[in-house]
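Chemist: Sequential numbering from -3 applies to the sequence shown in our numbering.
The C-beta atom is built at its ideal place from N, Cα and C for all residues, glycine as well.
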Amino acid sequence: MKAIVCWILLGIVSTVGLGLQYVPSKSATSEQKRNEPNVLFIVVDDLRTDLGCYGDSLAHTPNIDKLARTGVVFDRAYCQQAVCAPSRASMLTGLRPDSLRVWDLNTPIRTHLANVVTLPQYFKQQGYVTQCIGKIFHDPADHQDAQSWSVPEQLHITDDAGGKYVLPENIRNGGKGFWKAAPTERAEVPDSAYVDGRVALAAVRALEKLRTQPFFLAVGFRRPHLPFSAPERHWKFHKPEQFAIRSNEQLPMGAPVYAGHESSELRGYTDVPPKDDLSDAMKQQLRHGYYASTSYVDAQVGLVLQKIRQLGLASNTIVVLVSDHGFHLGEQGLWTKTSNYELDVRVPLIVSAPAQKARGKHTKALVELIDLFPTLTDLCQIPTPKQIQGKSFKKLVDNPGLTHRSSAISQFPRPWTYKKNPELIGYSIRNQRFRYTEWRRYQDGNVAASELYDLEHEPIERTNLSGQSAYRNILKDMSQALHNEIPAKPAPLQRASR
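#1: I'd like the ranges of any alpha helix (DSSP H) spanning at least 4 consecutive residues and lying wholly in the stretch 177 to 209.
#2: Is E228 buried or exposed, if buried means 16 or more other CB atoms sit within 10 Å of its CB?
#3: Using the Cβ count rule (16 or more neighbours within 10 Å means buried), how would you classify L362?
#4: Please report how far the alpha carbon of K391 lies from the alpha carbon of L345, in whole angstroms.
#5: Using 8 Å for Cβ pairs, my map puts G216 next to G298. What's the rounded Cβ distance?
#6: Which stretch, first to last residue, makes up the alpha helix (DSSP H) that contains W231?
#7: Along the beta strand (DSSP E) that carries T126, what are the first and last residues, could you check?
#8: Quick one, which of S95, K472, D71 has its alpha-carbon nearest I366's?
#9: Using only the alpha-carbon positions, how far apart do E419 and A445 sit?
#10: Based on Cα-Cα distance, which residue from V443, C128, L163 lies nearest to H152?
#11: Only counting the same chain, and skipping five residues up and downstream in sequence, which positions put a Cβ closer than 6 Å to that of K357?
#12: Out of T266, H284, R97, P210, which has the shortest C-alpha to C-alpha gap to K235?
#13: According to the Cβ coordinates, are L63 and L213 closer than 8 Å?
#14: Closest by CA to Q439, which one among E457, R410, Y432, S424?
#15: Give the straight-line distance between the Cα atoms of L309 and R207, rounded to the nearest whole angstrom.
#16: Would you check whether the ligand ADP has a heavy atom nearer than 7 Å to the C-beta of Y287?
#17: Closer than 6 Å by C-beta to S319: which residues in its own chain qualify, once you throw out the five before and the five after it? Chain order, please.
#18: Grouping DSSP H, G and I as helix and E and B as strand, with all else coil, what is L301?
#19: Please return the same chain residues whose Cβ sits closer than 7 Å to the Cβ of K22, not counting the five positions on each side in sequence.
#20: On the three-state DSSP scale, how would you describe E237?
#21: Report the rounded CA-to-CA distance for A404 versus T126, giving the unit in angstroms.
#22: Buried or exposed: which applies to R182, given that a residue is buried once 16 or more other Cβ atoms fall within 10 Å of its Cβ?
#23: In terms of alpha-carbon separation, which member of L471, W331, S348, K485 lies closest to P179?
#24: Here's a check: name, in chain order, each residue in its chain whose Cβ is nearer than 6 Å to the Cβ of R401, leaving out the five neighbours to either side.
#25: Decide if S291 is buried, meaning its Cβ has at least 16 other Cβ atoms within 10 Å, or exposed.
#26: Look at the alpha carbon of D155 and the alpha carbon of Q464, and state the distance between them as a whole number of angstroms.
#27: Just to check my reading of the structure: G159 and V185 have Cβ atoms closer than 8 Å, yes? What is that Cβ distance to the nearest angstrom?
#28: Go ahead and pull the three-state DSSP assignment for R283.
#29: With distances taken between CB atoms, is the gap from F369 to G90 smaller than 8 Å?
#30: Let me know the secondary structure DSSP gives L36 once reduced to three states.
#31: Using 8 Å as the Cβ pair cut-off and three pairs as the minimum, do the stretch 425 to 435 and the stretch 446 to 461 touch?
#32: Looking at C-beta atoms only, is the number of pairs between the stretch 97 to 107 and the stretch 46 to 60 that lie closer than 8 Å three or more?
#33: Pull up the distance between the alpha-carbon of Q121 and that of P164, whole angstroms please.
#34: Any idea if I425 is buried or exposed, counting beta-carbon neighbours within 10 angstroms, 16 or more meaning buried?
#35: So which of Q280, G326, D273, Q352 has the shortest CA-CA distance to S311?
#36: Can you tell me where the beta strand (DSSP E) with Q407 in it begins and where it stops?
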């Protein structure tokens, strides 16, 4: 109980302290002087489209659903690589992983492109006050890329036990290593006992200080990333029996074995078998925990959005809610992320802009997360840097029935935990109906294996069609489209000077 009380007090202290973060200039008045729209950029870790606004009847996400009613919901938004660091690096620079050479969790974003300009950094150069609360970048060298922000980062929690748990046993065991403790936790505590509750309160306090000048406020929530820790009230929205065991728990037929993985991110937690299949009870507990964590984050998003409305900022603030990648909950025999399959690379994305013509609409247009950078500069009517590889989808905000891209591209290396260079990189291209993945050898670019899936008939990939003659022309066309976008062997980039 003492540990729980300490966390509650820490939440209160951390949010009170935020009043000292940023002091507006003396020339600012109680009303925003300039006409530039503000940007509230919300990133949710490991969130897939299990949301009410995406048609999930189990989800309890009233606040995100309310946001969706004010903006456009992107049904086919895709990340560049389904794991934190590379995905966030691409999203926040508008560059593909091969251009950044960021394919793992340990390569700092500026290793190969020392002078790359990030999305918040560019807004800072344009006169915006930029602030980061929670996890936005995933960078082992400089946690949140200090040069991107006007003020120091706040509440960036990586892998310390105190950021994940409140129960004493879990804190104690979690301090022994990255895993070592329970994969789920439920406790009778207020939302601020866990880090995301403190992030939300910090964002609320920051908005009070930022309201007088154009701002780019990035707010990053950790849940529903493992461990699935959430206050008890969020667990009570569902019952374990609602999470029935699913039938599609094997890798697609005909897929190369390296297209899947061993779900190693989950395997080190207490009571999770290191190799064997999970028990039905464990699967239900994990799925329940994921939904509880999602509900918990939804409540925190609601606090931030409510503050935007209370301060009268809604009429001049662009709101983006996005995840860095999707997630597997046992489908295809996989847990967590790190594949090229639809459940991992497809992400929720909602954009709400003050002057947009379409509200509460969905779009089937294909978009990529590298498109967010130029879209936001376009919406804010500031020039877009020439080096950006993304493409603005501003037109979809007003007319979601339009098209945008003919395809979206994602990728992933194998083995995932490589030392110097990967052996393979799987490049995956998705059009309106099919997904084609080409596994290329890193050293020479030769194709080791390929996959082709008809997502119209199998929304979750089950049968690799690449060897079937009836699909030969489709495979050929998609392979050519992929090669047009991603050459067989990436051109080398000069390493940044130290």
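Modeler: With the structure as the only source:
#1: Runs of the alpha helix (DSSP H) inside the stretch 177 to 209: 191 to 206.
#2: Of the other Cβ atoms in all chains shown, fewer than 16 fall within 10 Å of the Cβ of E228; this residue is therefore exposed.
#3: Label assigned to L362: buried.
#4: K391 and L345: Cα-Cα distance of roughly 15 Å.
#5: Rounded, the Cβ-Cβ distance is 16 Å, inconsistent with contact.
#6: That run of the alpha helix (DSSP H) goes 228 to 231.
#7: Here the beta strand (DSSP E) through T126 covers 125 to 130.
#8: Here the closest residue by C-alpha is S95.
#9: Each residue's alpha carbon lies about 13 Å from the other.
#10: Checked all of V443, C128, L163; the closest Cα to H152 is C128.
#11: The residues are V68, P396.
#12: Of the candidates T266, H284, R97, P210, the residue whose Cα lies closest to the Cα of K235 is H284.
#13: Going by C-beta atoms, L63 is not nearer than 8 Å to L213.
#14: Ranking E457, R410, Y432, S424 by CA distance to the CA of Q439 puts R410 first.
#15: The straight-line gap from Cα to Cα measures roughly 7 Å.
#16: With respect to the ligand ADP, the structure offers nothing, as it holds no ligand at all.
#17: So the qualifying residues of the chain are V40, L43, V343, P344.
#18: DSSP, reduced to helix, strand and coil, places L301 within a helical segment of the structure shown.
#19: Only weak support is given to the placement of K22: the predicted model assigns it a pLDDT of 34, under 50, and the value that follows is read from those uncertain coordinates. Answer for K22: no residue qualifies.
#20: Residue state for E237 is assigned as helix, using DSSP reduced to three classes.
#21: Taking the straight line from one Cα to the other gives about 29 Å.
#22: Of the other Cβ atoms in all chains shown, 16 or more fall within 10 Å of the Cβ of R182; this residue is therefore buried.
#23: Per the Cα distances, W331.
#24: The beta carbon of R401 lies closer than 6 Å to those of L362 in the same chain, with the five residues before and after it left out.
#25: Flag for S291 reads buried.
#26: In this prediction, D155 has a pLDDT of 48, which is less than 50 and means its spatial position is unreliable; what the coordinates show is noted afterwards. Here the alpha carbon of D155 sits roughly 45 Å from the alpha carbon of Q464.
#27: G159 to V185, Cβ: 14 Å. No contact.
#28: Helix, per DSSP.
#29: Cβ distance < 8 Å, so F369 and G90 count as in contact.
#30: It is a strand residue.
#31: A contact exists between the stretch 425 to 435 and the stretch 446 to 461.
#32: Taking 8 Å as the limit for Cβ pairs, the verdict is that the stretch 46 to 60 does not touch the stretch 97 to 107.
#33: About 45 Å.
#34: Flag for I425 reads buried.
#35: Minimum Cα distance to S311 is reached at Q352.
#36: Here the beta strand (DSSP E) through Q407 covers 404 to 410.
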